[in-house]
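Chemist: Dumping the structure here so I can ask a few things about it.
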Amino acid sequence: MVKAMRIHKFGGPEVLKWEDVDLSEPGPSELLIRHNVTGFNFLDIQVRKGAYPVLPKLPAVLGTEAAGIVQQVGKEVNNFSVGQRVAYASTYPGAYSEARLIEASNVVALPDNITFEEAAASLLKGMTAEYLVNRCYSIAAGEVAIVHAAAGGVGLFLCQWLKDKGVTVIGTVGSDEKKTTILNNGATYAVNYRKENFNEVALDITNGLGVHVVYDSVGPDLYIESINSLRPRGYMVNFGNSSGPLAPIDSVELNVKGSLFFTKASMRFYQLNRQELEDSATSLFNIIGRGAVKPFIGQQYKLADAAQAHKDVAERLTVGSTILTI
């Protein structure tokens, strides 16, 4: 028996219940992991509300990311051992718990120079940044990018990773305080979209050409200004919808505005096999290890207080990554 944060219905933060759950022995291909730190991601809020495209069967333990120590190993698992430090960012919920069973194929070994806190704060967000800058749109030194929600977990990883690649970064945020945060974490320009027009900034610094790519996790609130900020054949990369789902994309509009590219990116299609997972995690751990990207842990809560974390993140009171300690 372990403690876990579980929901029995979809709804507000109040549906999160701290309760006992049973834990069986690991199956042949599973690991039993005792969590040290659990990661928090915006998709946790969407799942809790019942607004995510793929929802778990209820009752369900939320959370898809954590770091900890292997306690038991399934009989068919030969690449992990008891006592090993590990982390995961899985599509299967269950991380809001003291311990859990998980398929070994979803887990990566944690290098000695990466702490549990860094891993829980960075694996999902950092691997998201990795595929966005390296594989979704292979951005090059000297190019210009817009990063929306730049002070968020993924946003700060993107700003730092793009800076390391020699990219000029325009970061958008919702407050003046967050402008300082992103300027200290890789952004070249910071725009408070509540008071300033990022489209004007983008066109000004590119002499009217527009940026090469927009990385957008916000959705409809910023969509029109975003595509208006792109140069011909520019890339609109949407990987989240914190302001709600996008309306159907008008292909004629994309053509008229410069034969623009649009993609709806999702990490599960950039980790189609074990090798892609390992390569992405290795790339992340390497860039953290050499100090080019530093996980920005803006706040932490006890796992039992996850409901408060949900409230604060939803109200945009947080910056960077949020972690839940056991």
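If you count by this note's numbering, then the sequence shown holds residues 1 to 326, one letter each, in order. The C-beta atom is built at its ideal place from N, Cα and C for all residues, glycine as well. Predicted model only: the values in this text are computed from it and were never measured.
Which same chain residues, not among the five before or five after residue 191, have their C-beta less than 6 Å away from its C-beta?
Modeler: The residues are 172, 198 and 201.
Chemist: Under the three-state reduction of DSSP, which class applies to residue 46: helix, strand or coil?
Modeler: Residue state, collapsed to three classes: helix.
Chemist: Measuring CA to CA, which of 317, 279, 249 and 77 is closest to residue 174?
Modeler: Of the listed residues, the one whose Cα sits closest to residue 174 is 317.
Chemist: Answer yes or no: do residue 119 and residue 87 have a C-beta to C-beta separation smaller than 7 Å?
Modeler: For residue 119 and residue 87, yes; Cβs fall inside 7 Å.
Chemist: By Cβ distance, which residues of its chain are closer than 6 Å to residue 76, with the 5 residues on each side in sequence left out?
Modeler: Cβ neighbours of residue 76 beyond the five flanking positions: 28 and 29.
Chemist: How many angstroms separate the CA atom of residue 36 from the CA atom of residue 239?
Modeler: Using only the alpha carbons, I get a separation of about 28 Å.
Chemist: Is there contact between the stretch 100-110 and the stretch 124-136, where contact requires at least three CB pairs shorter than 8 Å?
Modeler: The stretch 100-110 is not in contact with the stretch 124-136.
Chemist: Relative to the alpha-carbon of residue 3, which residue among 48, 245, 208 and 17 has its alpha-carbon at the smallest distance?
Modeler: For residue 3, the nearest C-alpha among the options comes from 17.
Chemist: What residue from 108, 159 and 60 has the CA that sits closest to residue 186's CA?
Modeler: Closest by alpha carbon: 159.
Chemist: List the DSSP bridge partners of residue 294.
Modeler: According to DSSP, which records beta bridges pairwise, residue 294 is partnered with nothing at all.
Chemist: Which residues in the same chain have their Cβ closer than 8 Å to the Cβ of residue 72, if we skip the five residues on either side of it in sequence?
Modeler: Only 25, 26, 31, 32 and 82 meet the Cβ criterion.
Chemist: Taking the alpha-carbon positions, what's the residue 327 to residue 107 distance?
Modeler: The chain is shown from 1 up to 326; residue 327 falls before or after that span and cannot be answered.
Chemist: How is the alpha helix (DSSP H) around residue 127 delimited, first residue to last?
Modeler: That run of the alpha helix (DSSP H) goes 116-131.
Chemist: Taking DSSP as the reference, what is the three-state secondary structure of residue 205?
Modeler: Residue 205: helix per DSSP, three-state reduction.
Chemist: State the DSSP-derived secondary structure class of residue 36, mapped to helix, strand or coil.
Modeler: Looking at residue 36 - three-state DSSP - the assignment turns out to be strand.
Chemist: Quick one: what's got a C-beta closer than 8 Å to residue 313's C-beta in the same chain, skipping five residues either side?
Modeler: So the qualifying residues of the chain are 40, 42, 45 and 322.
Chemist: Hey, residue 64 and residue 95 are a contact pair by Cβ (cut 8 Å); roughly how many whole angstroms apart?
Modeler: That belief holds up - the Cβ atoms of residue 64 and residue 95 are roughly 6 Å apart, short of 8 Å.
Chemist: Considering residue 65, what are the terminal residues of the beta strand (DSSP E) in which it resides?
Modeler: First-last of the beta strand (DSSP E) with residue 65: 65-73.
Chemist: Can you tell which of 205, 56, 157 and 320 has its C-alpha closest to the C-alpha of residue 292?
Modeler: Comparing Cα positions, the closest option is 157.
Chemist: For residue 152, which residues does DSSP report across the bridge?
Modeler: Partner(s): 320.
Chemist: Assess contact between the stretch 214-228 and the stretch 239-253, defined as three or more Cβ pairs (one per stretch) separated by less than 8 Å. Is contact present?
Modeler: The stretch 214-228, when compared against the stretch 239-253, does touch it at the 8 Å Cβ threshold.
Chemist: Looking at the strands, I want to know which residues DSSP matches up with residue 335.
Modeler: This structure gives no information on residue 335, because the portion of the chain shown stretches from 1 to 326.
Chemist: Please determine if the stretch 161-172 and the stretch 253-264 are in contact, where contact requires at least 3 C-beta pairs separated by less than 8 Å.
Modeler: Result no; under three Cβ-Cβ pairs closer than 8 Å.
Chemist: Starting from residue 230, trace the beta strand (DSSP E) both ways and give me its first and last residue.
Modeler: Counting along the chain, the beta strand (DSSP E) containing residue 230 begins and ends at 230-238.
Chemist: To the nearest angstrom, how far is it from the Cα of residue 184 to the Cα of residue 147?
Modeler: Each residue's Cα considered, the two are about 15 Å apart.
Chemist: According to the Cβ coordinates, are residue 325 and residue 311 closer than 7 Å?
Modeler: Not in contact: residue 325 and residue 311 (Cβ atoms no closer than 7 Å).
Chemist: Are there 16 or more other CB atoms within 10 angstroms of the CB of residue 398, so buried, or fewer, so exposed?
Modeler: Only positions 1 to 326 of the chain appear in this structure, which leaves residue 398 out of reach.
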